[in-house]
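Colleague: For the protein sequence lines, the chains are A and B, in the order given. For the first sequence, this note's numbering gives the first residue as 1, with consecutive numbering after it. For the second sequence, this note's numbering gives the first residue as 179, with consecutive numbering after it. Don't be surprised by glycine CBs; every beta carbon is placed ideally from N, CA and C.
There are 2 protein chains.
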Amino acid sequence: MVKKLIPLSEVYRLLEPGPVVLVTTCFKNETNVMAMSWHMMIDFVPPLVGCVMSDQNYSYRLLESSGECVLNIPTVELIHTVVGVGNCSGETCNKFEKFHLTQEPASQVKAPLLKECYVNLECKVIDTSLVKKYGLFILEVVKGWVRTTRKRPLTIHHCGKGNFVVDGKMMKLPSEKL
Amino acid sequence: MVKKLIPLSEVYRLLEPGPVVLVTTCFKNETNVMAMSWHMMIDFVPPLVGCVMSDQNYSYRLLESSGECVLNIPTVELIHTVVGVGNCSGETCNKFEKFHLTQEPASQVKAPLLKECYVNLECKVIDTSLVKKYGLFILEVVKGWVRTTRKRPLTIHHCGKGNFVVDGKMMKLPSEKL
Chain A
1 MVKKLIPLSE VYRLLEPGPV VLVTTCFKNE TNVMAMSWHM MIDFVPPLVG
51 CVMSDQNYSY RLLESSGECV LNIPTVELIH TVVGVGNCSG ETCNKFEKFH
101 LTQEPASQVK APLLKECYVN LECKVIDTSL VKKYGLFILE VVKGWVRTTR
151 KRPLTIHHCG KGNFVVDGKM MKLPSEKL
Chain B
179 MVKKLIPLSE VYRLLEPGPV VLVTTCFKNE TNVMAMSWHM MIDFVPPLVG
229 CVMSDQNYSY RLLESSGECV LNIPTVELIH TVVGVGNCSG ETCNKFEKFH
279 LTQEPASQVK APLLKECYVN LECKVIDTSL VKKYGLFILE VVKGWVRTTR
329 KRPLTIHHCG KGNFVVDGKM MKLPSEKL
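What follows is the structure, encoded as structure tokens:
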């Protein structure tokens with residue numbers, strides 16, 4: 001499946017609806033992937049994103065050490081993969097192999113793009129002032145890729161305890177704003 | 179419609195799927211409501227929530243001055259109200275009157291609960307260290323109310339430029355985690 005660059009000014013339209021993302025990280029020869037729902041947009045251009053990661057997560061150390069990650073947005077077809085990734089640790093298994101996730105090289109960061117996800121956002125950590133207190137990282141999206149499909153794919157939203165809500169119908173309303 | 183207290187440990191299940199919220203604020207004799215999608219969970223208990231508000235918003239000043247707000251979660255039936263609220267400023271009109279939103283008293287904060295919303299989360303600002311730089315407030319949910327209905331209502335997720343995705347089907351998968 002072919003992907004194209006997404007204009008950085010359009011990134012917020014993918015993240016602000018609150019989809020589960022798969023975060024890839026890489027530091028030296030260690031690479032990992034985790035599921036995450038605790039993220040939000042902070043600014044439009046450049047696109048800034050806040051996200052929260054527990055210091056109990058293996059990915060926390062990789063993100064803190066490397067200062068880079070990729071936010072990959074999966075579609076509903078990957079829901080079992082997302083739950084699998086969210087229920088084991090990269091410290092004890094190679095999650096890419098276990099869940100058949102294909103790594104592709106990113107252009108601005110060392111963390112890999114996940115081929116199976118319809119969006120990949122290459123990010124650099126730009127503010128760590130609230131990392132110690134809340135695990136809150138502020139990321140800048142430096143490059144974004146999106147699959148070239150005609151219609152918007154269905155993403156999933158975590159509601160806790162293994163419950164997800166899948167995207168339903170789209171509604172377009174007149175708006176004067178972004 | 180009757181509402182009941184929601185255990186604070188369950189609040190994350192309502193916010194992490196990324197619904198649009200209506201934020202009410204009150205400072206002295208000024209009260210306002212705005213639509214917001216830029217929020218995320220930061221911790222489970224007590225429930226901490228990050229949210230971003232532009233200093234161009236009237237609500238920004240009320241939130242900063244009062245240190246309190248209510249996050250009200252609307253259902254899809256209120257989508258036209260949400261868009262209306264998001265497209266005008268409380269500086270030039272009374273949005274409660276204009277959009278027929280009913281204020282009810284909260285128990286812990288001065289900002290009102292919106293009767294028409296199925297969830298109301300009373301919040302206090304607990305950290306303002308990134309407000310000046312990013313408009314990022316950290317809130318603690320001190321009390322939460324949810325409508326007593328059997329099934330989960332449909333929330334809406336903003337995708338920019340007046341496009342919304344409505345909750346679709348629910349999927350429950352085995353999970354070892356929260």
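Please report how far the alpha carbon of Lys164/B lies from the alpha carbon of Thr102/A, in whole angstroms.
Modeller: What is shown of chain B runs 179 to 356, which leaves residue 164/B out entirely.
Colleague: Can you tell me the Cα-Cα spacing of Cys93/A and Ser187/B, whole angstroms?
Modeller: If you number the first sequence from 1, residue 93/A lands on position 93. If you number the second sequence from 1, residue 187/B lands on position 9. Straight-line Cα distance between these residues: approximately 30 Å.
Colleague: Looking only at its chain, what residues have a beta carbon closer than 7 Å to the beta carbon of Thr75/A, apart from the 5 residues adjacent to it on each side?
Modeller: As a working mapping, residue 75/A is identified with position 75 in the first sequence. Tyr118, Pro153, Leu154, Thr155.
Colleague: So is Met212/B in contact with chain A if we call contact Cβ pairs under 7 Å?
Modeller: Walking along the second sequence from the start, residue 212/B turns up at place 34. So no, Met212/B is outside the interface.
Colleague: Mind checking the segment 18-48 of chain A against chain B and listing, in chain order, the residues whose C-beta falls within less than 8 Å of any C-beta there?
Modeller: If the cut-off is 8 Å between Cβ atoms, the segment 18-48 of chain A has Gly18, Pro19, Ser37, Trp38, His39, Met40, Met41, Ile42, Asp43, Leu48 near chain B.
Colleague: Would Glu16/A pass as an interface residue toward chain B - the criterion being a Cβ-Cβ separation below 7 Å?
Modeller: Counting from one through the first sequence, the residue named residue 16/A turns up at place 16. Yes, Glu16/A counts as interfacial toward chain B.
Colleague: Examine the Cβ distances between the segment 119-139 of chain A and the segment 50-70 of chain A and report whether three or more of them are shorter than 8 Å.
Modeller: Enough Cβ pairs lie closer than 8 Å, so yes.
Colleague: Gln286/B to Tyr236/B, Cα distance in whole Å?
Modeller: Translated into positions along the second sequence, residue 286/B becomes position 108. Translated into positions along the second sequence, residue 236/B becomes position 58. Distance between the alpha carbons of Gln286/B and Tyr236/B is about 22 Å.
Colleague: I'd like to know whether the C-beta of Ser353/B is nearer than 7 Å to at least one C-beta of chain A.
Modeller: Numbered from its first residue, the second sequence carries residue 353/B at position 175. Yes, contact with chain A.
Colleague: Looking at Val85/A: is its Cβ nearer than 7 Å to the Cβ of Phe99/A?
Modeller: On the first sequence, residue 85/A is found 85 positions in, with the first residue counted as 1. On the first sequence, residue 99/A is found 99 positions in, with the first residue counted as 1. In contact: Val85/A and Phe99/A (Cβ atoms closer than 7 Å).
Colleague: Quick check on the burial criterion: 16 or more other C-beta atoms within 10 angstroms. Buried or exposed for Leu178/A?
Modeller: Reading the first sequence from its first residue, position 178 is the one you call residue 178/A. For Leu178/A, the predicted model reports a pLDDT of 47, less than 50, meaning its position is unreliable; a value from the coordinates is still stated below. Exposed.
Colleague: Quick one: complete beta strand (DSSP E) runs, 3+ long, within the segment 245-296 of chain B?
Modeller: For the segment 245-296 of chain B, whole beta strand (DSSP E) runs of length 3 or above, ordered along the chain, are 246-251.
Colleague: Okay, do the segment 137-152 of chain A and the segment 319-330 of chain B touch, 3+ Cβ pairs below 8 Å being the bar?
Modeller: In short, these stretches do not touch, since the Cβ pair count stays below three.
Colleague: Since Lys4/A sits in a beta bridge, which residues does DSSP pair it with?
Modeller: For this step, residue 4/A is matched to residue 4 along the first sequence. Looking at the DSSP assignment, Lys4/A forms a beta bridge with Val146/A.
Colleague: Can you give me the C-alpha to C-alpha distance between Asp221/B and Asn341/B, rounded to a whole angstrom?
Modeller: Position 43 of the second sequence, counted from the start, is the residue given in the question as residue 221/B. Position 163 of the second sequence, counted from the start, is the residue given in the question as residue 341/B. Those two C-alpha atoms are separated by around 29 Å.
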